[in-house]
Amino acid sequence: MRFGIDVISIWSRKGVRRDVEFKRNCVNVITGGSQTGKTALLRIIDYCFLASEHKLPHDVINDNTDWYGLKFYINDKEFVLARRSPHEAHVSNDYFFSSMGEFPALPSANSSEADIRSILEAEFGIDDRVVLPFGGRALKSGSKVSFRYFFLFNTVSEDIIINTTTFFDRQDEERYREALPRIFDLALGIDDLSNIAARERKEQLRKEIAKAERRSSSLNTRSGIFDGEARKIASQAAAYGLIKEAPADVSAASLRDVIKDVTAPSMDATAQRYSEVNAQLFATNRRIRKLQQFTEEHKAYKTTLKVSEDSLKPLQVLMGRSADLVKSEIFDDLMSGLKADLSRVKEAVAPRRPVDGQVTSLLRKLESDKSALEEQLEALPKMPKSFDSLRDMWLFIGEARGKLDAYADAEPETSTVAGSDVSDLMRKMEEIDVRNVEEARDAVVYLINEVAMGLVGEASSALENYGNWQAIFSYRDKRLQLRKPRSTLIENVGSSSNHMFLHLFQFLALHEVAINKKSVFVPAFLVLDQPSRPYYGEEDVVDPEEVDHSDRAKIKAAFEMLNNFVARINRDYGAEFQMIVLEHIPASLLAGMKNIHLVEQFRDGNALIPASWRSHE
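In this text, residue positions in the sequence shown follow the working numbering: the first is 1250, and each later residue adds one.
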């Protein structure tokens, strides 16, 4: 993703503008002493890009600044974005935005944060499909990804540059700590939008299937309740003689129609029907018991035959060695008879005989018949009854009709319909092809290692003992490590200068891989805050030229690597890359590096906030 900053601007309280201009496609270096505002440039970039909090220093910088602004480019478009300075800890909601890339003489609020966010998300290729694949404590699964999360790949602050365990900024903030593993695959082309959309659709269908299955189960339960209530009403109506007999297939709707026009039949038919069904149930139970008894006896018979088979096993040995035996005149007859017995026993104890399957099928059918008969009996009265008065009869009829009307209206869909819904959803889910990203992930990690190894080779003289060690990227920890050659040992690298180089190796490798994979999410842009910190410390030395010769050589090796990186991106990928490096180093160290541009030196009274601004306050 082509991206860079052309100008960082600040406006004084008096409306005077101060510009810091950068060149595209090169390493822009601002060097100078402490307390001159170099690090504030990184914080201005973050603040202007819709930060919800700020780290701008109040003393000198914020106290003398009314607006902060950026002129930047994304792909082939130029924009200007400015934001009013914060008041104490509170960020401002006043924004100026120009899609033409033009600075105003003095900014005034003309755009909302929501509108600017929408424009930037569109330029970053973020739409409704770019969502978090899984949630956490601070981030919700399925929520839209912020373009700011991808800036994690674009800054290495002074707090991170020599950190031994943390290689990405903002990992002390839970939201960004959770965002990093969730956007990493998308950022480096391991996953893509179409695959994410397919995965989301498949997950949605999986949830719909689970919901449909629960609904189907609920429908079956409700159907059973309604049918049971309907059978109870049918039994009472038949007992009182209001209907001739309960229907064979009882449901709320059918029973409501049966008792619509009640008559007063004799109870003989109902009693006779109850007797017939009861007799059928008795006969069915008797057949079930006999078949179960037969099954148990058949099992015992086969067990006995199995014992007999075991006792005849020595016969197989004798038959196999018959040529070695001394035979009498009755040997052949004896062996022939025993062999026939053995064959019959083997056939009888075969694992599965037709009779076994027939008995199982018959038992299954009888159990089904038994359930049906029990349901019929439930709807038939055991003994005839009579109402105490005509009023009681009509009360019963009214109550029965009311219940049946309610049951019929609320009667659920059949489980067959619900089952077809589940089948249809299953078919749709199977038709969606979701690519497994494990292979792609392994390939990208291998590429990161390969690029990082080339960078290690470039800086081997500065790494001393680790110059020939292998660079290994830990996908789980999102950090680069060094492994001893021909060993599984991962070294706990000593020296802050070595850690600084590891950070440079990692970020340059990640950006080269992002460009190689044509990532539309990771800007081809990097801000490094004081990579020479291991040599200069947190404060300036009195004279930067007095840094030890060997340390100067290591610092120069680091900048030569940055210089060569831009050249390689231009040459091998036909792409551009911009860096902004905030430093303490003397300008003399940059001599002869054609891809490095010295922006300004914040020395000898020159600083981000001009002295004239402070003197007029």
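Heads up, the beta-carbon is just placed ideally off N, CA and C, and yes, glycines get one too.
**Message:** So for residue 1724, helix, strand or coil by DSSP?
**Reply:** coil
**Request:** Could you give the DSSP three-state label for residue 1547: helix, strand or coil?
**Result:** helix
**Message:** I need the straight-line Cα distance from residue 1386 to residue 1426, nearest angstrom please.
**Reply:** 11 Å
**Message:** Measuring straight from C-alpha to C-alpha, what distance separates residue 1780 and residue 1456?
**Reply:** 49 Å
**Message:** Quick check: does the Cβ of residue 1862 come within less than 7 Å of any heavy atom belonging to the ligand PLP?
**Reply:** The ligand PLP is absent from the structure shown, which contains no ligands of any kind.
**Request:** Identify the continuous alpha helix (DSSP H) that holds residue 1327 and give its terminal residues.
**Result:** Taken as a continuous stretch (DSSP letters only), residue 1327 belongs to no alpha helix (DSSP H), being part of the beta strand (DSSP E) at 1326-1333.
**Message:** Using only CA atoms, which one of 1432, 1526, 1356, 1292 lies nearest to residue 1724?
**Reply:** 1432
**Request:** For the beta strand (DSSP E) containing residue 1322, list its first residue and its last residue.
**Result:** 1314-1323
**Asked** With DSSP run on the structure shown, which of helix, strand or coil describes residue 1260?
**Response** In the structure shown, the three-state DSSP call for residue 1260 is strand.
**Message:** According to DSSP, simplified to helix, strand and coil, what is residue 1244?
**Reply:** A query on residue 1244 cannot be resolved here, the shown segment of the chain reaching from 1250 to 1866 and no further.
**Prompt:** Under a Cβ-count criterion, where at least 16 other Cβ atoms within 10 Å of its own Cβ denotes burial, should residue 1285 be classed as buried or exposed?
**Reply:** buried
**Message:** For residue 1690 and residue 1312, what's the separation of their Cα atoms in angstroms?
**Reply:** Taking the Cα positions, residue 1690 is about 48 Å away from residue 1312.
**Asked** Under a three-way DSSP split, which group does residue 1339 fall into?
**Response** strand
**Message:** Using only CA atoms, which one of 1331, 1341, 1288, 1682 lies nearest to residue 1777?
**Reply:** 1288
**Asked** Within 10 angstroms of its Cβ, does residue 1344 collect 16 or more other Cβ (buried), or is it exposed?
**Response** buried
**Asked** Using the C-alpha atoms, what's the distance from residue 1842 back to residue 1819?
**Response** Approximately 15 Å between the Cα atoms of the pair.
**Message:** Quick test of the definition: if touching needs 3 or more C-beta pairs under 8 Å, does the stretch 1438-1450 touch the stretch 1678-1693?
**Reply:** yes
**Item:** For residue 1364, the three-state DSSP class (helix, strand or coil)
**Value:** Three-state result, residue 1364: helix.
**Asked** Where does residue 1305 fall in DSSP's three states?
**Response** coil
**Prompt:** Between which two residues does the beta strand (DSSP E) harbouring residue 1266 extend?
**Reply:** 1266-1270
**Prompt:** DSSP on residue 1755, reduced to helix/strand/coil?
**Reply:** helix
**Message:** Can you tell me where the beta strand (DSSP E) holding residue 1345 begins and where it ends?
**Reply:** 1344-1347
**Message:** Considering only their Cβ atoms, is the gap separating residue 1401 from residue 1429 smaller than 8 Å?
**Reply:** yes
**When 1760, 1396, 1614, 1619 are compared against residue 1371, the one with the closest alpha-carbon** = 1396
**Prompt:** residue 1329 to residue 1357, Cα distance in whole Å?
**Reply:** Note on geometry: alpha-carbon atoms of residue 1329 and residue 1357 lie some 13 Å from one another.
**Asked** Among residues of its own chain, excluding the 5 on either side of residue 1350, which ones have a beta-carbon nearer than 7 Å to its beta-carbon?
**Response** 1320, 1327, 1328, 1329
**Asked** Under a Cβ-count criterion, where at least 16 other Cβ atoms within 10 Å of its own Cβ denotes burial, should residue 1461 be classed as buried or exposed?
**Response** buried
**Message:** Assuming residue 1853 is part of the beta strand (DSSP E), what are its boundary residues?
**Reply:** Element bounds for residue 1853: n/a, residue is neither H nor E.
**Prompt:** Thinking C-alpha only, which one of 1713, 1750, 1718 is nearest residue 1738?
**Reply:** 1718
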